[in-house]
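Visitor: Chains as they are written, first to last, in my numbering: chain A, 216 to 706; chain B, 216 to 706; chain C, 216 to 706; chain D, 216 to 706.
Quick one: the structure is below, questions incoming.
Protein chains: 4
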Amino acid sequence: MTNRADSVAEADEADDHFHDECGVFGIFGRADAASFTTLGLHALQHRGQEAAGIVSFDGTQFHVERHVGLIGDNFTKPSVLARLPGDRSIGHTRYATTGGAGLRNVQPLFAELDGGGLAIAHNGNITNALTVQRNLQRKGAIFSSTSDTETILHLVATSEEKDLLARFCDAVGQLEGAFSLVALSSKKMIGCRDTLGIRPLVLGDLDGSWILASETCALDIMGARHVRDVEPGEVIVITEKGIESHFPWGEQKPRFCIFEYVYFSRPDSRVEGRNVYEVRKRIGMELAREAPVGADIVVPVPDSGVPAAVGFAQGAGLPFELGIIRNHYVGRTFIQPTDSIRHMGVKLKHNANPSVLEGRSVVLVDDSIVRGTTSQKIVQMVRDAGAREVHMRIASPPTMSSCYYGVDTPETSKLLASRMSVAEMAQFIRVDSLEFLTIDGLYRAVGEAGRDHDAPRFCDACFTGAYPTRLLDHEGPDNVRKLSLLANPNA
Amino acid sequence: MTNRADSVAEADEADDHFHDECGVFGIFGRADAASFTTLGLHALQHRGQEAAGIVSFDGTQFHVERHVGLIGDNFTKPSVLARLPGDRSIGHTRYATTGGAGLRNVQPLFAELDGGGLAIAHNGNITNALTVQRNLQRKGAIFSSTSDTETILHLVATSEEKDLLARFCDAVGQLEGAFSLVALSSKKMIGCRDTLGIRPLVLGDLDGSWILASETCALDIMGARHVRDVEPGEVIVITEKGIESHFPWGEQKPRFCIFEYVYFSRPDSRVEGRNVYEVRKRIGMELAREAPVGADIVVPVPDSGVPAAVGFAQGAGLPFELGIIRNHYVGRTFIQPTDSIRHMGVKLKHNANPSVLEGRSVVLVDDSIVRGTTSQKIVQMVRDAGAREVHMRIASPPTMSSCYYGVDTPETSKLLASRMSVAEMAQFIRVDSLEFLTIDGLYRAVGEAGRDHDAPRFCDACFTGAYPTRLLDHEGPDNVRKLSLLANPNA
Amino acid sequence: MTNRADSVAEADEADDHFHDECGVFGIFGRADAASFTTLGLHALQHRGQEAAGIVSFDGTQFHVERHVGLIGDNFTKPSVLARLPGDRSIGHTRYATTGGAGLRNVQPLFAELDGGGLAIAHNGNITNALTVQRNLQRKGAIFSSTSDTETILHLVATSEEKDLLARFCDAVGQLEGAFSLVALSSKKMIGCRDTLGIRPLVLGDLDGSWILASETCALDIMGARHVRDVEPGEVIVITEKGIESHFPWGEQKPRFCIFEYVYFSRPDSRVEGRNVYEVRKRIGMELAREAPVGADIVVPVPDSGVPAAVGFAQGAGLPFELGIIRNHYVGRTFIQPTDSIRHMGVKLKHNANPSVLEGRSVVLVDDSIVRGTTSQKIVQMVRDAGAREVHMRIASPPTMSSCYYGVDTPETSKLLASRMSVAEMAQFIRVDSLEFLTIDGLYRAVGEAGRDHDAPRFCDACFTGAYPTRLLDHEGPDNVRKLSLLANPNA
Amino acid sequence: MTNRADSVAEADEADDHFHDECGVFGIFGRADAASFTTLGLHALQHRGQEAAGIVSFDGTQFHVERHVGLIGDNFTKPSVLARLPGDRSIGHTRYATTGGAGLRNVQPLFAELDGGGLAIAHNGNITNALTVQRNLQRKGAIFSSTSDTETILHLVATSEEKDLLARFCDAVGQLEGAFSLVALSSKKMIGCRDTLGIRPLVLGDLDGSWILASETCALDIMGARHVRDVEPGEVIVITEKGIESHFPWGEQKPRFCIFEYVYFSRPDSRVEGRNVYEVRKRIGMELAREAPVGADIVVPVPDSGVPAAVGFAQGAGLPFELGIIRNHYVGRTFIQPTDSIRHMGVKLKHNANPSVLEGRSVVLVDDSIVRGTTSQKIVQMVRDAGAREVHMRIASPPTMSSCYYGVDTPETSKLLASRMSVAEMAQFIRVDSLEFLTIDGLYRAVGEAGRDHDAPRFCDACFTGAYPTRLLDHEGPDNVRKLSLLANPNA
């Protein structure tokens, strides 16, 4: 366990990004439903690589499989799929997050309620979960995981509404924060988004079978049609009779997470009406316009910086060159072998190509800077490869505030931008110049005129600190502390 | 999973016995408490070989480890013990039983209650668990295991009494059936037995540290002193200040399980004031007196028939001989390899020794007959080895009724004695004569004058059908069915 | 690895016995041959629990499976047996021995020779293996294991004889030491024993299929007939045409290992014409006659002391009692958890029963004393349980010399009997009296008049130091040292 | 095993490329040498992902670890590295190839020779290995693997030369084919290349420690200096005294594998004096010149087509766009779950981005076409995404002949180009136009004037059928067949 923790720490350091926590998928009314869920989760693997789970219902019983590791390594075996019979299924892939690692927290979670079984898969984070848990606990609820998804199950279980849908809406209505949920009962598949629509969820159709998925790339993999996005505050109910739409919690101005465009979503996905790759290219173009630089070549930090670099190069009329090569074989388990090597600053994941860089003035394009340590190493590597000048261009504004909506971010104090000016940051990562995209530039890249500071169109709290919800658990009194005295709840 | 189920089926067939479901152990106030729990559970391994769990408390946090398999294979590794720090610890070893196999049902179960954490390890079976679960579920409780132990945790969690001990007593007071429990909170270790005292529980002392254990052999292994048995209906509370005794549920005439003497307990244990080996030898002597036979030698079916055979041989003045050799390397995972071999009736576990048996008239002593299939095979094997006559003597009365008190028994209809007379059974297993110990003989062997039919001293329901409690779940209306629509709750 | 080594050390200490290294089995001309080999090896599991291998030949190709662990845990899975098709198969089960642990040394070993494939399984030890290996190496042979069995394969490979049988006989003729071999080529199954016949090998018949096995218990398990023992110096060749017998190396007075009767063989086996259980009982009777004692009860150290204790009790007219209970769940992986516990002298494997022992004068019967540490602990345990007097009777003479014939024994200097008189040993293990069977008594128990000191009928070197062969490697010049600079050849 | 084979088949189909078989690495005279070997092999992971091994020498003993799977998953654990002490070490990473999968064939192979231990790691393929093996076998050699590397060990072992270096040169001088070897004895690290220098090998220096590696990227990862390439036919000997160079087999015109530039080597490596990325970009430019097309955008098939596409776009003055997204989470273990899904043609690895492609005329750039099945799927996917026209441009000539020099290629008959004209291929993969780079164009991209047909500068047999060596095993008489009747030699 210690080693794994270390390795994750390693990997986190090496991979200095915000990370979306989860991808969800569900399909209703298709033979071998779990196989399709496997495909869908594979396409959503970028949203969480640590563990995954699939629930299916075969008309009589629910079946569950949960595994630590990649979809492709665990869920494609015929023996596993044979244990997931049925024509409806939901699944979840996760990054380590609230609740700690461990199979017990791997979703979907399942509970047998008075009216039958219910499985829930959750992308997001409930900002009043601890408060709600504490209340439930006072009434005698016991928790077997530390996942806030279990809180939702308890709320459905204790709701005094009559039927499952009413209880579900009652329960979810008590939640604050960001959530895109997919749930499966013996009769229904339910999908919903919080009223702000912070996290994505789309509706698809595969030859008459309905699909719910975090991103459209999970539809594309199986040739399914993208019907539309689930709307903020919408509850979609799918049964054998068809599909219904409800808005039980009223409507609000939506605040979709703008960082999905910057980094989380896959470039080939279409989210909220925009293609992610196109947005990233426009970000690069905006950046070239806002922060031009007379340099020889544009080099992306692969892979996440590539689309913006393509846009920058096109915008600036400079050659796009692969001056840094990424080694895709670095998994999460790669540990820097020994202390002596650790201190050498070895290039496990990226290598600079001197033939491209030597003697050149380079525009280096990356999507964001979190702690800055990786940027520091990459810049040094580019300089060691002979670059004459290094101009860093970041495809988003400085990330100054932690995210509480289902994203793995460091504490605010560890964000480089929260404690340094841009000039200090440039000095810290040792570049000849450093520029970030402005927040208005980012809004322009997604097609807005700019940020409406009174009513911003997106959740951009990580850049602006303007959280669109209360943060009850985070800001609450001391006595609303984390549940669980159990050191290793997954054991 | 299928294979494992098959292998268990195999093993069950090969090992045609009733099986006690569990052993429990707890120690309070001793550094490295979990190491002692490991030893105690190892000594109790005969009470359950499928899986085990240990919980420890280190003053701040609870720690849990659960593993499928033997104690010695899983809990003796330094890395595992290092994850179980603290000076108080409880543990559980289990045979597959109510709730199905799987890590999720492995005890001790833990819940975080409003007042702090509570872990419970349970030996026995709650006969109104489904009824209680259904009630809890109607109030919104959700279950993450199918174990009836989780029911106890829910009852404690929802009790409206004030302090933990009162809530525990309130909760347990709602249970019917047989249970010996060991529980651990941050301040207390609690042990209790049902008011009939059906399952055993003893109190020990290791240089000032209190111990609770299913049998005294778990004290012997570490040189601890046997203080006394926990009494039926007693709740023992151990804290840093010392030990208290309570009888919150009133008193009843005790009905200890007499089958513990016949088969469940280890021969070196002292249960309810009697040494098990001595009782078994006296059973053999009673049997020699009740059902004498003029034969050449007395041969036990090893290992469980050995003490009674020693007694029979001494009682009858006949030579005791090891005419059947047992292969101890047959674990639960041994599968009869192929169909062709399966039908050959191979001798995976026992082999007869022709040098001992050839031409002899043999008294074969076994502890009980359940389905009769194993007896049939063993008799055939003894005949094939050249025995002239085979006289079977069984060290207990015919087992005619299933047990609902924490023992793995087949349905009543599969018990050979429930559908055949002794004469028919003799014909079925093909012996020259077959005699069972009488119920009065069994009572004499444990030191009684005989069975008081109006107020029997023991629970002997498997022999007499006289269940000492209601069997609410078993006899209840159809709608009190098994919970859980989840096919593989452990997945 | 370190832990495993420790655990083995633990286990060795706890299990203070000489250990036979291997069991071998082969069957020719039976569908699903590997399934029968699985059964045979399971019956021979007492001859080696560390690892096992099976080779089969399907008419075209050889198939091999090797696994660390018990037969029942590894070779009974349908998937494993499906990988071992064919109607002829040989197998091997091993105790860790010459060559170190590791899969690479697990037998049968296979080589593709010029004339086709050859697999060999070996029970015994070649006393000139290093000398022969060194010679082979000088000629350019390279070794991929450290097993002396590979030496045999090299000798067959480099033999200049024409056909396989001639090459096999030429190769084996160069070996010194003890060996019972079973070999499989595409056409033949070959079995042979060294000219002294030190290790056992028997011939069986299962409905027309020939079997070779270390002991008859491997025939009994599948209902096969014991045809006869393979004779010392005999080479048996089994083909589709039938069976041939050769004696290519001349004949010698046989010297079967007498310790097979004392401990190695299973009590139900018939070796060299004698039933092992009967010999052990006669040993007990001899011991009662040679070293009588006025005591209350006879108690075996289980399991190995049981038959001799039965004999002693019958011979002495004293009651046989199970005063020590053995916990069969102690596998080889049981590690004494922590130092504090290690020093407590916990009773992982044996527990004394005070009800039997208290106030009694006890004759304690064990098969042998090796290092004496286990005896010391057991005697202390018996005393702690209240025994008034403890008289130890050992069912063999003092073991004073190491074995070089395929038995795991400590160095001579670690054998208690090599450095203490019987009186000193009695004091060391703290008994009121200690007596060993005499060497003549042992010969009488196996049916001889006594030991013929000029021409002893058995190999009894461990008791007498009279090795029946040269010990070339052991006594050789310094430069005949152990091969392999490779630290972990199995990796 | 079957599943794994299936999955490999899947993966091979999905990844329709030639595959280099191996990467080798060695370092001499550096504390924690194995840690550096781990880093080096990680950088060479693209040359083989199936299994890897590392040997170290600690001054007294050799240590070996071999594992199936990625370097990062197996060799970075402190426990593994602790088992590889010493200041010199060699390692190997492999793709499944000659000899089948399985740990027994994982290199480096080790043998203890008369003069001490020798470990060898091999990149390439010996074209007369079976012939040599057969000869060795006739002299009595036995083989424990099916790897041709073991043949080299046997030749060294049986060489009659005096010292290790002479024996090594004698042995290797008997080999035909392609090989870059790194060997380690107790005193020396040896590196050599065949006289044609078909496979690469470079010499590096890390602060005074010598390194041998397949590519320079294995030097870059640890900041080592690229000293020079090992020359064709050169034997480099590294000892504590320094470095020596020998050319024992005479010199020949070199014939380096030109496909290393097309696909095998990492783009950031410098091989034979040229940077791979730069060559690939020049290939793209040549292709734009040779086969121009009036299209809207240039889209690479990622990742291997990216550098050539960058070159094509620059050469053609067209926009470079990421119209296809690659999912990097497809490991080798991904199985297409069920038949129904298999036939759907799901997009496990690549997805087309309609926003980029819709309505566009697209130049699709890939490095090569092997079977054509993947190209077919990708073209269809691009069309489904709305591309108006698809013009395929391949960054190498048609691959018409199998490779016998250490590359995993299908049989010649399965190569699309061996049975179709370019026009037929265009029809088969359903493109509007299809053009391959000419062989002269490829030579120009690497800096030659064109191919000298009388004395080609490179091995280009896969394009031209002009094999630079005899292919003795391949073309030999029937009786030089594959060794080993053993079906699963690794078991």
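Heads up, the beta-carbon is just placed ideally off N, CA and C, and yes, glycines get one too.
Here the structure is a predicted model, which is why all the values come from computation and not from measurement.
Measure the C-alpha to C-alpha separation of Leu416(C) and Ile305(B) and round it to an integer number of angstroms.
Guide: Taking the first residue of the third sequence as 1, we reach residue 416(C) at position 201. Taking the first residue of the second sequence as 1, we reach residue 305(B) at position 90. Whole-angstrom Cα-Cα distance: 50 Å.
Visitor: Just the chain C side, please: which residues come within less than 7 Å of Asp329(D) by C-beta, in chain order?
Guide: Numbered from 1 along the fourth sequence, position 114 holds the residue referred to as residue 329(D). Residues of chain C passing the Cβ test: Gln352, Arg353.
Visitor: Just checking my contact of Pro612(B) with Phe678(B) at CB under 8 Å: how many whole Å lie between their CB atoms?
Guide: Here residue 612(B) corresponds to residue number 397 of the second sequence, with the count starting at 1. Here residue 678(B) corresponds to residue number 463 of the second sequence, with the count starting at 1. Yes, they are in contact, since the Cβ atoms of Pro612(B) and Phe678(B) sit about 4 Å apart, within 8 Å.
Visitor: Contact between the stretch 640-652 of chain C and the stretch 575-595 of chain C is defined here as three or more beta-carbon pairs at a separation below 8 Å; is this criterion met?
Guide: As far as the Cβ criterion goes, the stretch 640-652 of chain C touches the stretch 575-595 of chain C, which means the pair count is three or higher.
Visitor: If you run the structure through DSSP and keep just helix, strand and coil, what is Ala297(C)?
Guide: For the purposes of this step, residue 297(C) is taken as residue 82 along the third sequence, with counting starting at 1. Reduced to three states, the DSSP call for Ala297(C) is helix.
Visitor: I'd like the span of the alpha helix (DSSP H) that includes Ile286(C), first residue to last.
Guide: Residue numbering aside, residue 286(C) sits at position 71 when the third sequence is read from its first letter. 286-289 is the span of the alpha helix (DSSP H), which, as asked, contains Ile286(C).
Visitor: Per DSSP, which one or two residues make a beta bridge with Arg598(D)?
Guide: Taking the first residue of the fourth sequence as position 1, residue 598(D) is located at position 383. Paired residue(s): none; Arg598(D) is not in a bridge.
Visitor: Using a 10 Å radius around the Cβ and a threshold of 16 neighbouring Cβ atoms, would you call Thr275(C) buried or exposed?
Guide: Here residue 275(C) corresponds to residue number 60 of the third sequence, with the count starting at 1. So Thr275(C) ends up on the exposed side.
Visitor: Residues of the stretch 293-312 of chain D in Cβ contact with chain A at a cutoff of 7 Å, in chain order, please.
Guide: Going along the stretch 293-312 of chain D in chain order, one finds Leu296 with a Cβ nearer than 7 Å to chain A.
Visitor: Along the chain, where does the alpha helix (DSSP H) containing Thr253(D) start, and where does it finish?
Guide: Within the fourth sequence, the letter at position 38 stands for residue 253(D). That run of the alpha helix (DSSP H) goes 248-258.
Visitor: In terms of residue numbering, what span does the beta strand (DSSP E) encompassing Asn350(A) cover?
Guide: Against the first sequence, residue 350(A) aligns to sequence position 135. Not the beta strand (DSSP E): Asn350(A) falls in the alpha helix (DSSP H), residues 344-353.
Visitor: Whose Cβ in chain A lies nearer than 7 Å to the Cβ of Thr373(B)?
Guide: As a first step, residue 373(B) is located in the second sequence; it is residue number 158 there, counting from the start. The contacting residues are Gly355.
Visitor: When you check each C-beta in the stretch 473-486 of chain D against every C-beta of chain A, which residues fall closer than 8 Å?
Guide: For the stretch 473-486 of chain D, which is checked against every Cβ of chain A, the residues closer than 8 Å are Arg481, Pro482, Asp483, Arg485.
Visitor: For Ser359(C), does the three-state DSSP call read helix, strand or coil?
Guide: Counted from its first residue, the third sequence places residue 359(C) at position 144. It is coil, neither helix nor strand.
Visitor: Would you mind reading off the limits of the alpha helix (DSSP H) that contains Gly656(B)?
Guide: Translated into the one-based positions of the second sequence, residue 656(B) becomes position 441. That run of the alpha helix (DSSP H) goes 654-660.
Visitor: Would you identify the three-state DSSP class for Gly412(B), choosing helix, strand or coil?
Guide: Stepping through the second sequence from its first residue, residue 412(B) is reached at position 197. Three-state result, Gly412(B): coil.
Visitor: Rounded to a whole number of angstroms, what is the C-alpha to C-alpha distance between Arg353(C) and Asp363(D)?
Guide: Residue numbering aside, residue 353(C) sits at position 138 when the third sequence is read from its first letter. Residue numbering aside, residue 363(D) sits at position 148 when the fourth sequence is read from its first letter. Answer to the nearest angstrom: the Cα atoms are 22 Å apart.
Visitor: Tell me, please, whether the CB atom of Phe358(C) is closer than 8 Å to any CB atom in chain D?
Guide: Taking the first residue of the third sequence as 1, we reach residue 358(C) at position 143. At least one chain D Cβ lies under 8 Å of Phe358(C).
Visitor: Just to confirm the assignment: which complete alpha helix (DSSP H) runs, minimum length 4, are found wholly within the stretch 558-588 of chain B?
Guide: Complete alpha helix (DSSP H) runs here, min 4: 569-572.
Visitor: Just to confirm, is the Cβ distance from Glu459(C) to Gly412(C) under 8 Å?
Guide: Locating residue 459(C) in the third sequence gives position 244, counting from the first residue. Locating residue 412(C) in the third sequence gives position 197, counting from the first residue. Contact flag unset, no.
Visitor: Compare the C-beta of His369(C) against all C-beta atoms of chain D and say whether one is closer than 8 Å.
Guide: Position 154 of the third sequence, counted from the start, is the residue given in the question as residue 369(C). By this cut-off, His369(C) is an interface position.
Visitor: Would you identify the three-state DSSP class for Ser460(A), choosing helix, strand or coil?
Guide: Counted from its first residue, the first sequence places residue 460(A) at position 245. In the structure shown, Ser460(A) sits in a strand (DSSP, three-state: E or B).
Visitor: Note down, in chain order, each residue of its chain lying with its Cβ closer than 7 Å to the Cβ of Ala660(D), except the 5 sequence neighbours on either side.
Guide: To locate residue 660(D), count along the fourth sequence from 1; it is residue 445. Excluding positions up to five away in sequence, the list reads Val494, Arg497, Ile498, Glu501.
Visitor: Quick one: what's got a C-beta closer than 7 Å to Pro463(D)'s C-beta in the same chain, skipping five residues either side?
Guide: Taking the first residue of the fourth sequence as position 1, residue 463(D) is located at position 248. Excluding sequence neighbours, Pro463(D) sits near Cys384, Gly388, Val450.
Visitor: Would you please verify whether the beta carbon of Ala610(C) is less than 8 Å from any beta carbon of chain D?
Guide: For the purposes of this step, residue 610(C) is identified with residue 395 of the third sequence, where counting begins at 1. Chain D, which has no Cβ nearer than 8 Å to the Cβ of Ala610(C), makes this no.
Visitor: Residues of chain C with a CB under 8 Å from the CB of Ala326(D): which are they?
Guide: As a first step, residue 326(D) is located in the fourth sequence; it is residue number 111 there, counting from the start. Neighbours of Ala326(D) on chain C, chain order: Ile357, Phe358, Ser359.
Visitor: Can you grab the Cα-Cα spacing for the pair Phe240(A) / Ala393(A), in whole Å?
Guide: The residue given as residue 240(A) occupies position 25 in the first sequence. The residue given as residue 393(A) occupies position 178 in the first sequence. Approximately 17 Å between the Cα atoms of the pair.
Visitor: Write down the C-beta distance between Val585(C) and Val597(C) rounded to the nearest angstrom, noting that I regard them as a contact closer than 8 Å.
Guide: Residue 585(C) sits at position 370 when you count from the first residue of the third sequence. Residue 597(C) sits at position 382 when you count from the first residue of the third sequence. The pair is not a contact, with the Cβ atoms about 19 Å apart (cut-off 8 Å).
Visitor: Once DSSP output is grouped into helix, strand and coil, what is the label at Thr313(C)?
Guide: The count along the third sequence starts at 1 and reaches residue 313(C) at position 98. Residue confidence is low: Thr313(C) scores 43 on pLDDT, short of 50, so the model does not pin down where it sits. Its coordinate-derived value is still stated next. Residue state, collapsed to three classes: coil.
Visitor: Beta-carbon of Glu265(B) versus every beta-carbon of chain G: anything under 8 Å?
Guide: This model lacks chain G altogether, as its protein chains are A, B, C and D.
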